[in-house]
Every structure is written in structure tokens, then in C-alpha cells.
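Peer 1:
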Amino acid sequence: MTDKTQSIHKEWSSRFAFILAATGSAVGLGNIWKFPYITGENGGGAFVLVYLLCVAGLGVPIMIAEIMMGRRGRQSPVNTMQTLAREAGADPRWHYLGWMGMAAGFLILAYYSVIAGWSMAYIFKAFFGGFFSSDAADIKALFDDLMASPVQQIFWHTLFMVITMQVVMRGVRGGLEKAVRFFMPALFFLLLILVGYAMTSGSYQQGLDFLFTPDFSKIDADAVLTAMGHAFFTLSLGMGAIMVYGSYLPGHVSIAKTTFFIAGADTVVALLAGIAIFPLVFANHLEVASGPGLIFQTLPLAFGHMGGGWLFGVLFFLLLFVAALTSSISLIEPGVAWLVENRDMDRAKACVWAGSACWLLGVAVVFSFNIWAEYKFFGKNLFGLLDYLTANLMLPIGGLCIAVFTGWIMKSAHAEQELELPAEGFKVWYVLIRNFAPPAVFLVFLHVIGVF
Ligand code: PHE
């Protein structure tokens, strides 16, 4: 390693710091905003089951692989892939995988920042009493107002991007550890309160049935792809975010145990969000498939009616904002790390470049909710297109390549040496990453394009 990479390449202060940062990356809008709305759009139980199977069968082994590759390569994903390909005597073009990941992170952040902006707007709406004694129609009008206003959305999107870039500029360690240490337990606690409220809504059982009673007639190939894509999205896999965090990981940390914790925490948060939201949807006769606005149209109803709702409302959207922030940082980190390593920029300059470009695309995403709403590509607005392209295509393809690389290209002895698993555990992982994950992802793609 050169002096330069060493100085750029700080390590986490401890295993715990890595767990916090990686959990911060995984737990985000994907769990609380996206999981409930795509579950609603895809019919509930069967979709949830496929998603859970994908998290366990694909997400966990691929996360182990991605952290392991990062720790062995110790650079940005593009350069890590180059180093690892060289070490394995493989085609240097494997580094394009790093490029695709960087591009995916960039495209995701453009719309992620807009949605994070919505949650910032909602902190203020909650603070100024916007949720008080409102009925479902008022709460919907509140959301529709925000959607119709490019000015408001651009304001919040800009603010969110500036804050994200400020944090990234200071390097991955500053501030991040403290934020996650506080917000994770707090978020968990607030979700429990919301679940408690959902229990009193009168439609609790109906909500649970929707989430956990699978009806396979409700899902088609595209729903299966969405569930699989979401498993990658929610665990931050397939684009190098977890790889770049792994590259800051000290040696001799159990990668497998760490992965179980992250995937477990991420799944629990998503399920709690679903359990809190769906009873409210049914109790208020709302539409389960109302799309990206779902949490913004349901949770304020709970805050408007429950004791202490004002405080909980403000806190909830504040925590959602922090959760989004700790994920956004990891979306742009592969790009920033690459600019620093290869374009001789300091972190500040790299952040300004990467952040500005992402911001600009985000402005177009804002317009796709109002003045450009009628422009459709493949039947989707720009937001829908970016989401489909990244979550349903780029991340699973990235995950597939990671599985192929670690299962078939990298020497198994190297993987074994990095992972330090008991022999049995290593065997299970190796079979999953080599023989199960690649064909499974591939088959889902074939199914979507109608081969069978
Ligand atoms: N996992 C994050 C979430 O669920 C989103 C994300 C995807 C972050 C990919 C980094 C990489 O909100």
C-alpha cells in the first residue's frame, strides 16, 4: 500500500464502529418508507415472504462476500476490484463492477435525497401542528401540497444534500458513530410505540394478515424481482457501499457474525414499520397501493390522535431523516473515495463535484412528481425509472457479479483466510455464494423476461 492510500484509508476505531456504520447504511428509507409501500403495491404476504427468503439466502451470503472483498482490497470499490482481480489472475475488466456500483450509488442518491427531503419537511409540519386532529383527507392534502410544489421539495432536497456532503467531507468516522449509536435505539423505540398504537386501531389483525398471510396468486415475476431487488437495496448490497465500509475494517473481526447482526436489525426495523403502518391503512380505509406517499399519509394520522403525538411526530421524522443521512453517506462514499484515489482531489473537492452532480439529477426527480409528471419512460416517471433501474436491475446484477467473483474467480483459500469461519460454516457460505446465489438471481431475471 502506498503512503497515500494509507493516509486516505483510515480504519474504524473498533468492530463496534463498523457495525454501527454498516447498520446505519442498511437501515434507512428502504426500511421505513420503501418496504411498506412496495409491500402494499405487491399484494402483501407472498411478497414479504419472498423478500425474507432473499434476505436470508442471497443478502446474508453476499454481504459476507462484499465486506470480505472490501477488507482484502482496502480501497474504493473500483480499485479494490482491480487489486482482487490481479491477485486472482483474472480479467482486469472486473473493475467495471466497481464502476457500475459507483453509478448505482449516484443514481440512488439523486432520488433518495428528494425523499429524505420529504421527511425533513414533515419534521416541520409535525412541529407546527400540521397533524392535529386531522382526518385522512386532510393528511392526504398535506402530502399532495408538498408533491405539487417544486420549490418546497427543491429547498429540502438541497438542504439534505448539503448536510450529507458536509458529513462525507469530514471522513467516514467523524460524527457517524455517535449519530448511529443514538438514533438506532431511539428509532426502534418509536417504532414500538407506533406498533402499540396500531394495536388499538381496530384493524391490527387485518394489518398482520395482509403482511404475513401469503397469497401467491397476488405476485408475478416482476413482484419477485422487486422483492429480490429490495433485499439488495435494504441491505445496501451490490454497489460497493458495504465494500467500501469493509475496506476500513480492521483485520480479525468476525465478518459473518457482524453480517448476521446487520441483516437482523435491518429486517426487524422493516417488519416493525410494516406492522405499524398497515393497520392504520385499513382502519382509515386508505388504499394499500398508494405508492411512495404511503407512510406520509398514514403515520401522521397516528400522531394526530395519540397522546404525546406532537412530540412523537417530530421525533419520528427527525429520526427518519438521520436514518436517511447515515445511508446517503454510504451511497456517495464509493464515488468520493474513487475521486480521492484516482483524481488527486481532496475530500472536500470530491464532495463538491459528486454532490453537485447528484443534486442536479435530484432536481429533475423533484420535477417528475409535478411539472414533468406526464413524461413517462416505460410507463414510469423519472423517479420510478431510476428506482427500477437501480434497485431492480443494477443492484441484483452487482450482487450476482460479487457472488460469481467470490465463488468462482477468487481463490477459495483467500476467502477462507479472510473469513476465519469454522470449517462447517465456511462450507455453507461457499455453497450459497458459489452454487446457489448466481443461478437464483439469474433465474429471476429469466423469469422476468418471460423465458419460463
Ligand atoms: N440500505 C439503504 C436503505 O434501506 C439504502 C442504500 C442502498 C444505501 C444501497 C446504500 C446502498 O435505505
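First residue of the sequence shown: 13, per the working numbering; consecutive thereafter. Each residue gets a CB set at the ideal place from its N, CA and C atoms; glycine is no exception.
Cβ of L343 versus every heavy atom of ligand 2: is any distance shorter than 6 Å?
Peer 2: In the structure on display, ligand 2 does not appear, and the ligands it does have are ligand 1.
Peer 1: Write down the C-beta distance between Y257 and A33 rounded to the nearest angstrom, noting that I regard them as a contact closer than 8 Å.
Peer 2: Start at 1 with the first residue of the sequence shown, and residue 257 comes out as number 245. Start at 1 with the first residue of the sequence shown, and residue 33 comes out as number 21. Right, the Cβ-Cβ distance comes to about 6 Å (below 8 Å), so this counts as a contact.
Peer 1: For a quick check, are the C-beta atoms of F172 and G129 less than 7 Å apart?
Peer 2: Translated into the one-based positions of the sequence shown, residue 172 becomes position 160. Translated into the one-based positions of the sequence shown, residue 129 becomes position 117. Closer than 7 Å, so yes.
Peer 1: Classify S26 as buried or exposed, calling it buried when 16 or more other Cβ atoms lie within 10 Å of its own Cβ.
Peer 2: Looking up residue 26 in the sequence shown gives position 14. Exposed is the call here.
Peer 1: With distances taken from CA atoms, which of A349, L311 and F195 is nearest Y49?
Peer 2: Position 37 of the sequence shown, counting from 1, holds the residue named residue 49. It is L311 whose Cα lies nearest to the Cα of Y49.
Peer 1: Report all residues from its chain with a CB closer than 8 Å to the CB of P408; omit the five preceding and five following residues, and keep chain order.
Peer 2: For this step, residue 408 is matched to residue 396 along the sequence shown. If we look at P408 and ignore the five residues flanking it on each side, its Cβ neighbours are L237, M240, G241, F244, G250, V453, V456 and F457.
Peer 1: Check the C-beta distance from L398 over to Y123 and give it rounded, since I have them as a contact under 8 Å.
Peer 2: One-based indexing of the sequence shown puts residue 398 at position 386. One-based indexing of the sequence shown puts residue 123 at position 111. Rounded, the Cβ-Cβ distance is 5 Å, consistent with contact.
Peer 1: Are V90 and W106 touching if we call contact CB-CB under 7 Å?
Peer 2: On the sequence shown, residue 90 is found 78 positions in, with the first residue counted as 1. On the sequence shown, residue 106 is found 94 positions in, with the first residue counted as 1. Against a cut-off of 7 Å, the Cβ pair of W106 and V90 comes out as no contact.
Peer 1: Are there any heavy atoms of ligand 1 lying less than 6 Å away from the beta-carbon of L109, as far as the coordinates show?
Peer 2: Here the question's residue 109 lines up with position 97 in the sequence shown. Result no, Cβ not under 6 Å from ligand 1.
Peer 1: If you pair each beta-carbon of the region 35-53 with each one of the region 279-292, do three or more pairs fall below 8 Å?
Peer 2: Touching, yes, given that three or more Cβ pairs across the two stretches are closer than 8 Å.
Peer 1: So what does DSSP say about F389, is it helix, strand or coil?
Peer 2: Translated into positions along the sequence shown, residue 389 becomes position 377. Looking at F389 - three-state DSSP - the assignment turns out to be strand.
Peer 1: Classify V416 as buried or exposed, calling it buried when 16 or more other Cβ atoms lie within 10 Å of its own Cβ.
Peer 2: Along the sequence shown, read from residue 1 onward, the residue named residue 416 stands at position 404. Buried.
Peer 1: In or out: N43 buried (at least 16 other Cβ within 10 Å) or exposed?
Peer 2: Position 31 of the sequence shown, counted from the start, is the residue given in the question as residue 43. Flag for N43 reads buried.
Peer 1: Between the alpha carbons of S19 and R355, how many angstroms are there, rounded?
Peer 2: Taking the sequence shown and counting its residues from 1, the one referred to as residue 19 is at position 7. Taking the sequence shown and counting its residues from 1, the one referred to as residue 355 is at position 343. Caution is warranted here: a pLDDT of 37 is assigned to S19, below 50, making its placement in the model unreliable, and no coordinate value can be reported.
Peer 1: According to the neighbour-count rule (16 or more other Cβ atoms, all chains shown, within 10 Å of its Cβ), is P197 buried or exposed?
Peer 2: For this step, residue 197 is matched to residue 185 along the sequence shown. By the 10 Å Cβ count, P197 comes out exposed.
Peer 1: Check whether the Cβ atoms of S380 and L401 lie closer than 7 Å to each other.
Peer 2: Numbered from 1 along the sequence shown, position 368 holds the residue referred to as residue 380. Numbered from 1 along the sequence shown, position 389 holds the residue referred to as residue 401. In this structure, L401 does not lie closer than 7 Å to S380 by Cβ.
Peer 1: Taking only runs that begin and end inside the region 236-301, name each unbroken alpha helix (DSSP H) of 4 or more residues, in chain order.
Peer 2: 253-258 and 267-295, all fully within the region 236-301.
Peer 1: Give the DSSP-derived three-state secondary structure of P434 in the structure shown.
Peer 2: By 1-based counting over the sequence shown, the position of residue 434 is 422. In this structure, P434 counts as coil in the three-state DSSP scheme.
Peer 1: Can you tell me where the alpha helix (DSSP H) with Y400 in it begins and where it stops?
Peer 2: In the sequence shown, the residue the question calls residue 400 occupies position 388. Premise fails: Y400 is in no alpha helix (DSSP H) and is neither H nor E.
Peer 1: Alpha carbon to alpha carbon, how far is F228 from V180? Give it in angstroms, no decimals.
Peer 2: Residue 180 sits at position 168 when you count from the first residue of the sequence shown. Residue 228 sits at position 216 when you count from the first residue of the sequence shown. Distance between the alpha carbons of V180 and F228 is about 43 Å.
Peer 1: Quick check: is any heavy atom of ligand 1 less than 6 Å from the C-beta of T51?
Peer 2: In the sequence shown, counting from the first residue as 1, residue 51 sits at position 39. No, the beta carbon of T51 sits no closer than 6 Å to any heavy atom of ligand 1.
Peer 1: Rounded to a whole number of angstroms, what is the C-alpha to C-alpha distance between V460 and I307?
Peer 2: Counting from one through the sequence shown, the residue named residue 460 turns up at place 448. Counting from one through the sequence shown, the residue named residue 307 turns up at place 295. So the two alpha carbons sit approximately 29 Å from each other.
Peer 1: What is the DSSP secondary structure of T338, counted as helix, strand or coil?
Peer 2: Your numbering for residue 338 matches position 326 in the sequence shown. Of the three classes helix, strand and coil, the one that applies to T338 here is helix, per DSSP.
Peer 1: Quick check: what's the CA-CA separation for A425 versus A435?
Peer 2: Position 413 of the sequence shown, counted from the start, is the residue given in the question as residue 425. Position 423 of the sequence shown, counted from the start, is the residue given in the question as residue 435. So the two alpha carbons sit approximately 12 Å from each other.
Peer 1: List the endpoints of the continuous alpha helix (DSSP H) containing A29.
Peer 2: Counted from its first residue, the sequence shown places residue 29 at position 17. Note, A29: alpha helix (DSSP H), R27 to A38.
Peer 1: Assign A138 to one of three DSSP states: helix, strand, or coil.
Peer 2: Within the sequence shown, the letter at position 126 stands for residue 138. Residue state, collapsed to three classes: helix.
Peer 1: Can you find a heavy atom of ligand 1 that lies under 6 Å from the Cβ of A295?
Peer 2: Position 283 of the sequence shown, counted from the start, is the residue given in the question as residue 295. No.
Peer 1: DSSP on A102, reduced to helix/strand/coil?
Peer 2: Here residue 102 is taken as the residue at index 90 of the sequence shown, counted from 1. A102: coil per DSSP, three-state reduction.
Peer 1: Report yes or no: do three or more beta-carbon pairs, one from the region 359-371 and one from the region 92-106, lie closer than 8 Å?
Peer 2: Result no; under three Cβ-Cβ pairs closer than 8 Å.
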